[in-house]
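Enquirer: Numbering (my numbering), first residue to last: 1428 to 2040. Positions of the beta carbon are idealized from the N, C-alpha and C atoms, including for glycine. Remember, predicted model here, so these are calculated numbers, not experimental data.
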Amino acid sequence: MLNYSLILLFREARKSSTFAARIAIVCISMIYYLGIDIGSTTIKMALIDEQQNVLRHDYQRHNASPKIVGSQMLKAIAQSLPDGAMVRVGMTGSVGMGYADRMGIEFEQEVIAAAEVVERLYPDTHTLVDIGGEDSKIIFFEQGRIPDMRMNGNCAGGTGAFIDQTATLLGVAVEDLNDLAAQSTTIYPIASRCGVFSKTDIQNLISRSVAKADIAASMLHALSVQVVSALARGTEIKEKVFLCGGPLAHIPELRKHLADVMELTEEACIIPANSQCIPAIGTALRVMKQNNTQTFHADKLTKLFNQEDEPITMAHTLPPLFNSREEYTQWLQQKQGRMCINHNHVQNEEKYFLGVDSGSTTTKIVLINSKQEIVYSDYQYNNGNAFQTFANAMEHMYQQIGDVDIAGSCSTGYGEQLLKTAFDLDGGIVETMAHFRAAQHLCPEVSFVLDIGGQDMKAIFVANRSIRRIEVNEACSSGCGSFIMTFAKQLGYEIADFAEQALYATHPYDLGTRCTVFMNSKVKQAMREGAQVEDIAAGFSYSVIKNCLYKVLKLQSVSELGTHIVVQGGTFRNHSVARALELLTGCEVIISFCPELMGAFGAALQAAKGKIE
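Encoded structure:
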C-alpha cells in the first residue's frame, strides 16, 4: 500500500548504511489502519494491519462526551503501537460525521462500511442484520447485484434504546437482562414500534405482577419482530445471516429470539468475534484502499480530537438558566417564603389528617395537623402493587411516629377508589381538584397550575378562584418527567446529577419541541456540534416546558396563564425546569419544597375540610 514517493525513499535508504536510514526503512513499513465509529451512545475503534488482521478493538459508551472518551481510547491505541508507526484514519457513525468533517478525516457511511466487512471477509453471507443504539440495518447480498441496504427511520423500536428503556422500567442493569430473559417461560405481546406504546405495555405487565424474566424475554422478542418486519418487508432472509452491533454482541438471548423470528437455526447465523465493532472494522478496510486518506504518526493520535474545536453554532443555543451559581443561590433564597410548607413534629392529643396520592407508578402520603402543617410524608414506587405499597407505607409511618389519631383521610390519583374501598378511607377527591386545592394553599390568587409527573401532565386554568379549564396530555410523554429521565439514563447520568448540570449550562442547546423518540436525532446533532452534557441537560428543561405550552396546551399567548403560576409534580424537583418556565413566560413561578407531594397534600387538606376545630 506504499505510494511511489515512499518506494523511492525505500530504495535510497537501502543504499545507505547509516542507522537513521535503517530506522527509516522500518518506519516506512509500519502503516496501520484505524476505523472510528462514533454512534449516538457508543464509540467503537478497530485497528488493522496490512493483512487485514484486527490487532485491537474497543467499545465504550461515551455518555454524551465523545471527545473525552475518544481521546482516552486513542491514547491506549497509540501506546500499543511501535515507535515510528504511521496510522491512516477513517470515521463513521451518526455522530462521527460532524467530527470527521471538522477534523478533515475521511468519512464512510456505516452501512457501506459494514457491507465492506462482509464482502471482504465473509463472502458466504446472504443477509446482514445490525442492531445499534438508536438504529438498525438489514443488508441483502445477492451474487452479481448491488447490496440492498435498508435502515430504520426516526423510531426507537427495534434498537438498543428500546432495550435500555425496558431495563430502566424493570429497575435492572442492561447487563442483567440477558440472564433474566434466559429464565423466561412465557412471551407476552409488546408493541415495539414506538417507545411510548411499548412503555405502556411494559408497565401494564409490571402492574399485573408478570415476572421480570418474562417481560425481558417478551421485549427481546418484540424487538426482533420489529427489526424483521420493518426492514425485511417481505424479502426472504436466507442463511448465512451475519449478526453484528452491540446488543447482538452482548445479549445472546436477543440472538436466539431473532433467529426464531427469522425461522432460522442459530447455526445458520455468523457471529463474528468483534461483532460490536463491524462498522469500525469496515471503515479501516476502506481507508486501506484510499491513498489520499490522512495519515498520522502514532504519537499524534492522542491529539486528534483536540483538533475538533469548532464552537457551538450560536443559532442553536438558548439563554442560560442562571448566569452564575450566585444567581441560582439568590433565586432559591427568593423562593424560600413560597417553597416551604411548615413542618412540625407529632404531638400527643393532636388530630391529624391523611392524604394519599396513589399514582400509576408511585404512592405518596402526607399527614398534616390542624394547622395544616406537614408532620410526616412518604414517597414510594408501587412496583406493580399499589395496595401493598400503601399498606407498607402506613406500617412504616406508625413505626416512625407512633399510633396517632387520624381524624380524617382522603385518597386521590390512579388508585383513588381502590384504596378508599380497601382501607375504608373517609373520602376521595379527583386528582386535578387535589392539585388545585394544594396550589390555592400556596397562592390564593393562583391563575394557572402546571403539574408535571413522570408520564402525565395536568394544566389547570383558574379565574375568580375557580377552575375555568383543565388540560391533560394523552399519548405523548415529551412534556413529562420521563422525557428527561429517559435521556439522563441513556447518557449515563442519574436524574439528580443531570438536573444539577443543567443549572449551570452556559450554552443551553435548543432541542425544539419534538417527541421523545424523534428527539434522539436532535441530541445527536447537538453532540456533533460539540454541545456539552450540561448544554443538552438545560436544553431538555426548556424542551419539556415548550412541549407543555405549545404541543399539549397549544397556547396562542403566554398571557393565557395569568401572572400567578404554581408548579407541582416530581419533575419540578429539577429547578432548571421551573426556571425555564419563568424565562419562557416572563413570570415568576411559585414552587413548594416538595412539589412531588402536592397531590397528597391536597387530599390531606380535603380530609381536614370541615373537621378542624
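Is it the case that the Cβ atoms of Val1960 and Ser1492 are separated by a distance below 8 Å?
Expert: Yes, they are a contact pair.
Enquirer: For Arg1488, does the three-state DSSP call read helix, strand or coil?
Expert: strand
Enquirer: Alpha carbon to alpha carbon, how far is Met1912 from Glu1921? Give it in angstroms, no decimals.
Expert: Approximately 8 Å, taken between the alpha carbons.
Enquirer: Would you call the segment 1810-1820 and the segment 1840-1847 in contact, with 3 or more CB pairs under 8 Å?
Expert: yes
Enquirer: Throw me the rounded Cβ distance for the Ala1926 and Ile1972 pair, which I believe falls under 8 Å.
Expert: So it is not a contact: roughly 14 Å between Cβ atoms.
Enquirer: Taking one C-beta from the segment 1552-1567 and one from the segment 1661-1673 each time, how about it: are there three or more such pairs within less than 8 Å?
Expert: The segment 1552-1567, when compared against the segment 1661-1673, does touch it at the 8 Å Cβ threshold.
Enquirer: Between the Cα of Glu1535 and the Cα atoms of Pro1616, Ile1708, Arg1483, Ala1588, which residue gives the shortest distance?
Expert: Ile1708
Enquirer: What do you reckon, are the CB atoms on Cys2021 and Ser1804 nearer than 8 Å?
Expert: yes
Enquirer: Do Ser1611 and Asp1591 have their CB atoms nearer than 8 Å?
Expert: no
Enquirer: May I have the straight-line CA-CA distance separating Ala1886 from Gln1867, to the nearest angstrom?
Expert: 14 Å
Enquirer: In whole angstroms, what is the alpha-carbon distance linking Leu1658 and Arg1577?
Expert: 6 Å
Enquirer: Given 8 Å as the limit, is there contact between the segment 1507-1519 and the segment 1720-1730, that is, 3 or more CB pairs closer than that?
Expert: yes
Enquirer: Drop a sphere of 10 angstroms on the beta-carbon of Ile1558, count the other beta-carbons inside from all chains shown, and report buried for 16 or more, exposed for fewer.
Expert: buried
Enquirer: Near Leu1930, what residues of its chain come up, given a Cβ to Cβ distance below 7 Å and the 5 sequence neighbours on each side ignored?
Expert: Leu1748, Phe1749, Tyr1755, His2002, Ser2003
Enquirer: Can you tell me whether Tyr1459 is buried or exposed? The criterion is at least 16 other CB atoms within 10 Å of its CB, across all chains shown.
Expert: buried
Enquirer: Is the separation between the beta-carbon of Ser1893 and that of Gly1989 shorter than 8 Å?
Expert: no
Enquirer: Within its chain, find whatever has a CB closer than 6 Å to the CB of His1484; leave out the 5 residues flanking it on each side and keep chain order.
Expert: Ala1473, Asn1701, Cys1704
Enquirer: Apart from the five residues just before and just after Thr1933, which ones in its own chain have a Cβ nearer than 7 Å to its Cβ?
Expert: Pro1747
Enquirer: Comparing alpha-carbon positions, which option in Ile1573, Thr1613, Ser1563 lies nearest Phe1589?
Expert: Ser1563
Enquirer: Residues in its own chain within less than 8 Å of Val1453 by CB, not counting five upstream and five downstream?
Expert: Reliability of the predicted coordinates at Val1453 is poor, the pLDDT of 44 falling under 50, and no value is obtained from them.
Enquirer: Are the CB atoms of Arg1515 and Thr1720 nearer to each other than 8 Å?
Expert: Yes; because the gap between Cβ atoms is below 8 Å, this pair is in contact.
Enquirer: Using the C-alpha atoms, what's the distance from Ile1856 back to Tyr1977?
Expert: 29 Å
Enquirer: Could you please give the first and the last residue of the uninterrupted beta strand (DSSP E) stretch that includes Asn1796?
Expert: 1789-1796
Enquirer: Please list the terminal residues of the continuous alpha helix (DSSP H) segment that includes Leu1980.
Expert: Neither: Leu1980 is in no alpha helix (DSSP H) and is coded neither H nor E.
Enquirer: Looking only at C-alpha atoms, which of Lys1716, Gly1673, Ser2019 sits nearest to Pro1699?
Expert: Gly1673
Enquirer: When you compare the segment 2027-2036 with the segment 1790-1806, are there three or more beta-carbon pairs, one atom per stretch, that lie closer than 8 Å?
Expert: yes
Enquirer: Confirm, please, whether the CB-CB distance from Lys1951 to Ser1521 is below 8 Å.
Expert: yes
Enquirer: Thinking Leu1731 and Glu1543 are a contact (beta carbons under 8 Å), I'd like their distance in whole angstroms, please.
Expert: The Cβ separation is near 22 Å, so there is no contact.
Enquirer: Along the chain, where does the alpha helix (DSSP H) that runs through Leu1877 open and close?
Expert: Note, Leu1877: premise wrong, no alpha helix (DSSP H); beta strand (DSSP E) at 1875-1879.
Enquirer: Which residues in the same chain have their Cβ closer than 8 Å to the Cβ of Leu1938, if we skip the five residues on either side of it in sequence?
Expert: Met1946, Lys1949, Val1950, Ala1953, Ile1963, Gly1966, Phe1967, Tyr1969, Ser1970
Enquirer: If Gly2026 sits next to Ala1861, beta carbons under 8 Å apart, how far is it from one beta carbon to the other, in whole angstroms?
Expert: 5 Å
Enquirer: According to DSSP, what are the bridge partners of Gln1827?
Expert: DSSP output for Gln1827 lists no bridge partner at all.
Enquirer: Does DSSP put Gln1630 in a helix, in a strand, or in coil?
Expert: Residue state for Gln1630 is assigned as helix, using DSSP reduced to three classes.
Enquirer: Where DSSP assigns a beta bridge to Glu1898, which residues make up the other side?
Expert: DSSP, once it has assigned bridges, lists Ala1886 as partnering Glu1898.
Enquirer: Excluding the 5 residues flanking Thr1710 on each side, which residues of the same chain have their C-beta closer than 6 Å to its C-beta?
Expert: Gly1462, Gly1517, Thr1519, Glu1535, Ala1540
Enquirer: Among residues of its own chain, excluding the 5 on either side of Pro1679, which ones have a beta-carbon nearer than 7 Å to its beta-carbon?
Expert: Asn1605
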